[in-house]
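Here is the structure we will look at, set down as structure tokens.
Number of protein chains: 2
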Amino acid sequence: MAPETNLSSRERLLEAAATLTYQDGVGIGIEALCKAAGVSKRSMYQLFESKDELLAASLEQRSSAFVAGLLPAAGDGRSPRERILHVFQQVELQAGAPEFQGCRYLAVQIELKDQSHPASQVAHRVKGNLTAFFRTEAIQGGASDPDLLARQLSLVFDGASARAGIGADNLTGLITPTVGTLLDAAGMS
Amino acid sequence: MAPETNLSSRERLLEAAATLTYQDGVGIGIEALCKAAGVSKRSMYQLFESKDELLAASLEQRSSAFVAGLLPAAGDGRSPRERILHVFQQVELQAGAPEFQGCRYLAVQIELKDQSHPASQVAHRVKGNLTAFFRTEAIQGGASDPDLLARQLSLVFDGASARAGIGADNLTGLITPTVGTLLDAAGMS
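Okay, here's the thing in structure tokens:
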């Protein structure tokens, strides 16, 4: 990754952390991160207290792109059912890219195995917002049990992206019928 | 972990690799594994070509316990629907244990991010056998699309164990209705 000189050291470190942990996992070394960012270790420690903090900040910074890449625009006039299905169509689309490794916010929590890690906490919150989106749409769409439906959709989201990320399933013809069945059972027309 | 002297060095290494990678991830060092097993590094390299091979062998060895902990006994007289639900009741039960970190065969693939790694290949095969079990039961139970149902159940299995493993969901009141809905939609009575 060639450092882009129009970005600040901080931005380059955030970008390197996001890219390299996604490709190689949270075990990636500080040397590799600094090298990819074109930033000295000394500068890194002036900008971030620790690698843990850098990782948490990189996940935080990516969260708006994560949301924009999945969620429909607010008030786009579509039904709650269509708005929920939009999220899963995006997952299927993203999973088709050769570099897809599943949802980074799930992977980082599985890899860190520590719910109190600052990066796990950011990831937990970002995914909680996705569940909250499902719940809001479930209520709007008159689901019989919005909490249950939101948990089911979160489960399908994580299962689908994890399985696509490890190459266990390509998701084709899988997500739309699965989500459709769950929406039907919840009475969401 | 105190080495149990009635086990061979090989068995102690397999046990340490399974336990420590589950707790701490695949990044666990060879020194830590050898220390926990009470085996010298030299002995380890006489028994296993590499840490990768040790990890793969530990996953292979655990696979019979994985299957026994999830699958119903062959020919137990229950219906295919009940036999499928049994697997998910076991997941819910296992997820209640404080040390539960999700399915080790999913986690290791997410962590390694390398489908050609010997441990990923073992994990891929073990999970493939679970999908094959679902498919066999789906056919036995007259599911309208056994392949689809097997993929859906695998997706629910991975989503549920992953979310429970990271503390995003406790699975209570979630899996049975979700699986039940999918079985109903597939026409499995």
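Respectively, the protein sequence lines represent chains A and B.
Here this note's numbering = 1-based position in the first sequence + 2.
Here this note's numbering = 1-based position in the second sequence + 2.
Don't be surprised by glycine CBs; every beta carbon is placed ideally from N, CA and C.
C-beta neighbour in chain A for residue i, strict 8 Å
i       : result
Q103(B) : yes
G143(B) : no
G27(B)  : yes
A34(B)  : no
S156(B) : yes
I16(B)  : The question names Ile, but residue 16(B) in the sequence shown is Leu. Judged by the 8 Å Cβ criterion, L16(B) is not in contact with chain A.
G161(B) : yes
L49(B)  : no
E134(B) : In the sequence as displayed, the identity of residue 134(B) is Ala instead of Glu. For A134(B), the answer is no, since every Cβ of chain A falls outside 8 Å of its Cβ.
L56(B)  : no
R12(B)  : no
Q96(B)  : no
K53(B)  : no
H126(B) : yes
L22(B)  : no
L150(B) : yes
A164(B) : yes
E113(B) : yes
K129(B) : yes
A153(B) : Per the sequence presented here, residue 153(B) reads as Arg, with Ala not at that position. Answer yes: the Cβ-Cβ gap between R153(B) and chain A drops below 8 Å somewhere.
G167(B) : yes
Check: residue i C-beta below 7 Å from any heavy atom of the ligand HEM
i       : result
N131(B) : In the structure shown, the ligand HEM is absent, as is every other ligand, since no ligand is present at all.
From the options, residue whose alpha carbon lies closest to that of residue i
i       : options                          : result
D26(A)  : S191(A), R106(A), F159(A)        : R106(A)
T174(A) : G175(B), L150(B), G169(B)        : L150(B)
Q103(A) : L184(A), D171(A), N8(A), A34(A)  : D171(A)
Y24(B)  : M46(A), F135(A), A70(A), D116(A) : D116(A)
Q123(B) : E62(B), K53(B), V89(B)           : E62(B)
D147(B) : A109(B), E113(B), A188(B)        : A188(B)
D54(A)  : A99(A), A20(A), A140(A)          : A20(A)
R85(A)  : A164(A), G169(A), L155(A)        : L155(A)
G71(B)  : S11(B), L132(B), H126(B)         : L132(B)
S45(B)  : L73(B), S10(B), S60(B)           : S10(B)
G31(A)  : R12(A), L49(A), L56(A)           : L56(A)
E164(B) : I112(B), S81(B), A59(B)          : According to the sequence shown, residue 164(B) is Ala rather than Glu. Residue I112(B) is the option with its Cα nearest to A164(B).
R12(A)  : Q48(A), R137(A), L114(A)         : Q48(A)
L87(A)  : A109(A), A152(A), L16(A)         : A152(A)
L22(A)  : A145(A), E101(A), V181(A)        : E101(A)
A18(B)  : L73(B), A34(B), G29(B)           : A34(B)
Exposed unless 16 or more other CB atoms sit within 10 angstroms - verdict on residue i
i       : result
K129(A) : buried
D78(B)  : exposed
S118(A) : exposed
A162(B) : buried
V69(B)  : exposed
L184(B) : buried
D160(A) : buried
A39(B)  : buried
E51(A)  : exposed
L1(A)   : Any property of residue 1(A) remains undetermined from this structure, which presents chain A solely from 3 to 191.
S66(B)  : exposed
G169(A) : exposed
G143(A) : buried
A97(A)  : buried
A76(B)  : exposed
S42(A)  : exposed
A58(B)  : buried
S60(B)  : buried
A134(B) : exposed
E139(B) : buried
R14(B)  : buried
G193(B) : Not covered by the structure: residue 193(B). The range shown for chain B is 3 to 191.
Test: residue i CB closer than 8 Å to a CB of chain B
i       : result
P179(A) : yes
A170(A) : yes
T183(A) : yes
L73(A)  : no
E139(A) : no
A187(A) : yes
G40(A)  : no
Q123(A) : no
I86(A)  : no
Q1(A)   : In the structure as shown, chain A starts at 3 and stops at 191, and residue 1(A) therefore has no counterpart that could be examined.
L108(A) : yes
Q63(A)  : no
L9(A)   : no
Residue span of the alpha helix (DSSP H) that contains residue i, given as start and end
i       : result
V41(B)  : Looking at the DSSP string, V41(B) is not in any alpha helix (DSSP H), and its letter there is neither H nor E.
Q142(B) : 120-142
D160(B) : 148-167
P82(B)  : 82-97
Q2(A)   : Summary: the structure shown does not reach residue 2(A), with chain A confined to residues 3 through 191, and so no result is reported for it.
G71(A)  : 53-72
I177(B) : 177-187
D116(A) : No alpha helix (DSSP H) contains D116(A), which DSSP labels as neither H nor E.
L22(B)  : 11-26
CB contact check: residue i to chain D, cutoff 8 Å
i       : result
T138(A) : Considering every chain present, this structure includes no chain D. Its protein chains are A and B.
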